[in-house]
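Only one structure is covered here, and it is reproduced in the block below.
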Amino acid sequence: MSKNVLSHSENSDNQGQFQLTAVLQANMIYVVVITTSSRNLMGNFSVQGFGPSYIGFNRILNTSSVVQTVYASKLTTNSSAYLRNCSGSNFYYEAIQVNIRRSGLYTLFSKSNMVTYGSIYKDYFNPSSSYENRLFGDDDSCKHDQFRFTIALETSITYILIVTTRSSYDTDAFSIFVSGPDTIDFMNSSSPSIIQVQYSLAIQSNYSSELTTSSQTYSRDCRKSNYYYETIRMNVVETGYYALISNSNMNTF
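The opening residue of the sequence shown carries number 514 in our numbering; numbering runs sequentially from there.
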């Protein structure tokens, strides 16, 4: 229940009523959930908002359990791959364009024999920068090593769901279940406008060296000195996007 929570309050010395303060940005969707401190309580309530401008309130009907969409696919050795972290290993993934017919709250969860990892992006997915445009990511909220998250989606925005795995090179079938106010359209996509493939994994170059007490030093942050460093000239034969990844027992910069 703590996923996506910006702020919460139960009783801010206000006679059993909540009061909270948060920084809200224009053109963002925020969801306020009103409930009670004890079970089976019912009654009228009102919410007042104070700030530099007016706030528009619209009730969200809880119809998430009524409409469900299912998408099934499979990750194979022919699937696209990317470097998700600094391990230097490839992770197979599938990019799925999500088209929303009706704005509202949607819950997405996976089912697979693999340990799945799901992320949703706005407008496009950049494999060389997996945090760029990412709205949310999850790998174990549904337990059994499956992802699950609830997010507000709008009809006017293109969303990209990336399904990958926690471990590198894993392959198997998977299913995505989506519950929300309406069915949604899934489309397996490799369009350049959706997937910004900026570098190739086919060619790998390696360089090894060592920082020692004989290496050059400099003051990197104007406070501490004696950072050992090494300068390396790179000669590129072909113009394009390249990824550089380090591997060391040290924390490298």
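By construction, the Cβ of each residue, glycine as well, lies at the ideal position given by its N, Cα and C atoms.
From a predicted model like this one, the values you see are computed outputs, not experimental measurements.
Burial is judged here by how many other beta carbons sit within 10 angstroms of a residue's own beta carbon; Asp651 has at least 16 and is buried.
Rounded to whole angstroms, the gap between the alpha carbons of Ile745 and Ser722 is 10 Å. Shown here, Asn540 sits in coil according to DSSP, grouped into three states, outside any helix or strand. Sixteen is the threshold: since fewer than 16 other Cβ atoms of the shown chains lie within 10 Å of the Cβ of Tyr731, the residue is exposed. Within the DSSP secondary-structure output, Met700 pairs in a beta bridge with Gln610. By the criterion of at least three beta-carbon pairs nearer than 8 Å, the stretch 615-626 is not in contact with the stretch 589-596. Beta bridge pairing from DSSP links Gly617 with Leu666. Contact annotation: the stretch 613-621 touches the stretch 684-697, with at least three C-beta pairs closer than 8 Å.
With the rule of 3 Cβ pairs closer than 8 Å, the stretch 580-592 counts as touching the stretch 671-688. Shown here for Thr668: same chain residues with a beta carbon closer than 6 Å to its own, the five before and five after excluded, namely Ile613 and Ser616 in chain order. Secondary structure at Gln717: coil, using DSSP grouped into helix, strand and coil. Our two residues, Val546 and Phe570, have alpha carbons roughly 12 Å apart in a direct line. For Tyr672, the beta-bridge partners assigned by DSSP are Val611 and Lys635. For Leu648, the enclosing beta strand (DSSP E) begins and ends at Arg647 to Asp651.
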